[in-house]
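Novice: Following this message is one structure expressed as structure tokens.
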Amino acid sequence: MSPVEEGIIRKKLAVMIENLKALEPIKEMTRDEYIQDLYKRKATERLLQEL
């Protein structure tokens with residue numbers, strides 16, 4: 198693996214870790230709370246898309 202590829206992989210992994218940490222508060226919500234909160238649902242979708 199070239200140093201450039203390694204750098205890209207490290208950046209992608211950092212984004213993945215950051216996004217997973219950002220999703221932590223969502224797991225505390227009940228299903229009904231989650232379904233009723235459009236903004237949290239859309240934010241969750243976007244964070245998962247970036248994985």
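Numbering (our numbering), first residue to last: 198 to 248.
C-beta atoms are modelled at their ideal positions from N, C-alpha and C, and glycine is treated no differently.
All figures in this text were calculated on a predicted structure; none of them were measured in a lab.
Of all the options T241, K209, E215 and E202, which has the alpha carbon lying nearest to the alpha carbon of I223?
Specialist: Checking every option, the nearest Cα to that of I223 belongs to T241.
Novice: Tell me whether T193 sits in a helix, a strand or coil according to DSSP, three-state version.
Specialist: The shown model of the chain, from 198 to 248, leaves out residue 193, and the question about it has no answer.
Novice: Quick check on this structure: which residue in L220, L235 and D234 has the alpha carbon closest to the alpha carbon of L248?
Specialist: It is L220 whose Cα lies nearest to the Cα of L248.
Novice: How is the alpha helix (DSSP H) around M198 delimited, first residue to last?
Specialist: Looking at the DSSP string, M198 is not in any alpha helix (DSSP H), and its letter there is neither H nor E.
Novice: Tell me the rounded alpha-carbon separation between P200 and I214.
Specialist: Computed Cα separation, rounded: 21 Å.
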